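These notes are about the structure you will find just below.
In our numbering, the protein residues as written are -3 to 500.
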């Protein structure tokens, strides 16, 4: 990691003869407690501020929590960040305080330009900033007390560095209940179905009871995903799947599996989903409305026809891209690049593991019980290509943009770092220069202050300044001493001359 922490993973270790292959054992981050990134994407969601507020309020180590929010809002909507601060103001009865505001990165997008969850969650992934664990939840979620510590502990119980805890969450009406249906029961996703449009998707969750530890499963859920952050970085959301709902989760499952990751059902309920909530809009409802000219009252009918055609063409193009991912007939055949399958396991292994035949559309049962971990293939993927970061010029030096939040104007008198850069000078490099936001006018970005985070460099500079100061003092002290001596000699000489003159 760029901030000085590193781990070494022996992912391609030799397995001793006669010993069964098993997952890579987890590596504990050097930070304790670890940093956790929570990503969520909202569409005009009234519950989003409460989700952020509840996450910080219930965490045991809120100072180690970092939230990345993609907020799709309409004109006049209170955005998620402002609502979060409002809840703290009401709780503390102090409008000048908004705890952990600096731990929130927010990207605002107009709701009219929404393209579905995959596009929004692609931007959400851009907000990850060298945290240890990453969790994705919906923007209407509740958390049990000390959830941050409990989720990390549960993840370690998998004994798998590449484990991903995932499931459909229980409803918030059962918040805090460890036992449901009279037993220790958790939602368990393991069933699939074909949608009416011919896309493979998750079916309703089954239930698992009295699990002693997280259970290996076949498919992934967008409403809860908890893993090391390298899982998210290895399988970023594909931004080229607009208007996609069916197919989002199964495509992510395939990419995680083929990149060497394993999916587990949590054995205890620590996170809860608010299914019954106040709504001011839903992406799929608003998008569907635009496809039907008769139901559009605000938009011009001719314009709405174009919007509807664009919506349907986006869906069709995304469908073909998903077919390409699964190597099915009728796909676009385009190169998916970093959004394609991995090389740790094959597509054939994945289809066998989930029990699906893409040719006949058969779905075989029996995938909800005990499963066997699938070893990786021998070949390892090549290292990811180096992507050169954006360069700008500051103080005549080349600067590399490490972080760029691009916040819009915010009404509260709070400052946020909007850019974090590393200046690469030829003779005097300055690491981690922070470019700040003007408090008087947040739209004005300027160079606010420079922190040299390398303590050794700071001490060397301080010592050099101290030596220079001492040398200057000694020099001027000696110089002024000589001058005073010369003045005394000059005065004594004049006194002698006066005495001679008087005697004469």
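Glycine is no exception: its CB is placed at the ideal position from the N, C-alpha and C atoms.
Small disclaimer: the values here were computed from a predicted structure and weren't measured.
With 16 other Cβ atoms within 10 Å as the buried cut-off, status of residue 189: Start at 1 with the first residue of the chain shown, and residue 189 comes out as number 193. Exposed.
Under the three-state DSSP convention, the category residue 372 falls into: Working through the chain shown from its first residue, we reach residue 372 at position 376. Of the three classes helix, strand and coil, the one that applies to residue 372 here is coil, per DSSP.
Whole-angstrom distance between residue 33 and residue 144, CA atom to CA atom: The residue you call residue 144 lines up with position 148 of the chain shown. The residue you call residue 33 lines up with position 37 of the chain shown. CA-CA distance, residue 144 to residue 33, rounds to 10 Å.
Residue 135 CB to nearest heavy atom of the ligand NAD below 7 Å: This structure lacks the ligand NAD; in fact it carries no ligand of any kind.
Touch test, the region 90 to 99 against the region 122 to 135, Cβ-Cβ under 8 Å, three pairs minimum: no
Short Cβ contact (8 Å threshold) for residue 364 with residue 126: Here residue 364 refers to the residue found at position 368 when the chain shown is read from its first residue. Here residue 126 refers to the residue found at position 130 when the chain shown is read from its first residue. Not a contact, by the Cβ cut-off of 8 Å.
Local conformation of residue 137 per DSSP, three classes: Within the chain shown, numbered from 1, the residue matching residue 137 stands at position 141. If DSSP states are grouped into helix, strand and coil, residue 137 belongs with the strands.
Residue 54, DSSP secondary structure in three states: On the chain shown, position 58 is the one that residue 54 refers to. The answer is helix: DSSP assigns residue 54 an H, G or I state.
Contact belief for residue 242 with residue 118 at Cβ below 8 Å, rounded distance in angstroms: Within the chain shown, the letter at position 246 stands for residue 242. Within the chain shown, the letter at position 122 stands for residue 118. The Cβ separation is near 18 Å, so there is no contact.
Proximal residues to residue 128 (C-beta, below 6 Å), its chain only, five neighbours per side dropped: Locating residue 128 in the chain shown gives position 132, where the first residue counts as 1. 25, 30, 31, listed in sequence order.
Classification of residue 41 by the beta-carbon crowding that lies within 10 angstroms, buried from 16 upward: For the purposes of this step, residue 41 is taken as residue 45 along the chain shown, with counting starting at 1. The residue is buried, with at least 16 neighbouring Cβ atoms inside 10 Å.
Which of helix, strand or coil DSSP assigns to residue 45: The residue given as residue 45 occupies position 49 in the chain shown. Of the three classes helix, strand and coil, the one that applies to residue 45 here is helix, per DSSP.
Inter-residue spacing [alpha-carbon to alpha-carbon] between residue 205 and residue 140: Numbered from 1 along the chain shown, position 209 holds the residue referred to as residue 205. Numbered from 1 along the chain shown, position 144 holds the residue referred to as residue 140. Rounded to the nearest angstrom, the two C-alpha atoms are 19 Å apart.
Residue 161 beta carbon less than 8 Å from that of residue 106: As a first step, residue 106 must be located in the chain shown, where it is residue number 110. As a first step, residue 161 must be located in the chain shown, where it is residue number 165. Not in contact: residue 106 and residue 161 (Cβ atoms no closer than 8 Å).
Helix, strand or coil at residue 158 according to DSSP, with G and I counted as helix: As a working mapping, residue 158 is identified with position 162 in the chain shown. Note: residue 158 maps to coil in three-state DSSP.
From 27, 348, 226, residue whose alpha carbon lies closest to that of residue 369: On the chain shown, residue 369 is found 373 positions in, with the first residue counted as 1. Comparing Cα positions, the closest option is 348.
Burial state of residue 72 (16 or more Cβ within 10 Å): Along the chain shown, one-based indexing puts residue 72 at 76. By the 10 Å Cβ count, residue 72 comes out exposed.
Cutoff 8 Å; reference residue 316; Cβ partners in own chain excluding five residues on either side: Along the chain shown, read from residue 1 onward, the residue named residue 316 stands at position 320. Cβ within range, chain order: 326, 327, 328.
Integer Cβ distance of residue 47 from residue 36, believed to fall under 8 Å: Position 51 of the chain shown, counting from 1, holds the residue named residue 47. Position 40 of the chain shown, counting from 1, holds the residue named residue 36. Contact holds; Cβ gap of about 6 Å.
Cβ neighbours of residue 44 in the same chain (closer than 6 Å, five flanking residues each side left out): The count along the chain shown starts at 1 and reaches residue 44 at position 48. Cβ within range, chain order: 38, 76, 135.
Buried or exposed by the 16-neighbour rule on C-beta atoms within 10 Å, applied to residue 50: Position 54 of the chain shown, counted from the first residue, corresponds to residue 50. Burial call: buried.
N-terminal and C-terminal residue of the beta strand (DSSP E) that residue 189 is part of: In the chain shown, residue 189 corresponds to position 193, counting from 1. Taken as a continuous stretch (DSSP letters only), the beta strand (DSSP E) holding residue 189 covers 188 to 190.
Test item: CB-CB of residue 182 and residue 264 under 8 Å: On the chain shown, residue 182 is found 186 positions in, with the first residue counted as 1. On the chain shown, residue 264 is found 268 positions in, with the first residue counted as 1. Yes, these two residues count as a Cβ contact at 8 Å.
Proximity of residue 148 and residue 103 at Cβ, strictly below 8 Å: In the chain shown, residue 148 corresponds to position 152, counting from 1. In the chain shown, residue 103 corresponds to position 107, counting from 1. Contact flag unset, no.
Nearest residue (CA-CA) to residue 116, options 236, 87, 258: Counting from one through the chain shown, the residue named residue 116 turns up at place 120. It is 236.
Residue span of the alpha helix (DSSP H) that contains residue 230, given as start and end: Mapped onto the chain shown, residue 230 falls at position 234. From DSSP, the alpha helix (DSSP H) with residue 230 extends over 225 to 230.
Nearest residue (CA-CA) to residue 248, options 62, 219, 85: Walking along the chain shown from the start, residue 248 turns up at place 252. It is 219.
N- and C-terminal bounds of the beta strand (DSSP E) containing residue 211: On the chain shown, position 215 is the one that residue 211 refers to. 211 to 213 is the extent of the beta strand (DSSP E) around residue 211.
Given residue 313 as reference, the closest of 229, 238, 257 once Cα atoms are compared: Position 317 of the chain shown, counting from 1, holds the residue named residue 313. It is 238.
Residue-chain proximity (residue 325, chain D), Cβ-Cβ < 8 Å: Absent from the structure is chain D; it holds one protein chain and no more.
Residues that residue 503 bridges to, as DSSP identifies them: With the chain covering only -3 through 500, there is no way to say anything about residue 503.
Test item: CB-CB of residue 260 and residue 212 under 8 Å: Along the chain shown, one-based indexing puts residue 260 at 264. Along the chain shown, one-based indexing puts residue 212 at 216. Contact: yes.
Residues near residue 56 in its chain [Cβ-Cβ closer than 7 Å; skip 5 each side]: Taking the chain shown and counting its residues from 1, one reaches residue 56 at position 60. These residues qualify, in order along the chain: 142, 144, 145.
Residues sharing a beta bridge with residue 321, DSSP: What you label residue 321 is simply residue 325 of the chain shown in a count that begins at 1. DSSP output for residue 321 lists no bridge partner at all.
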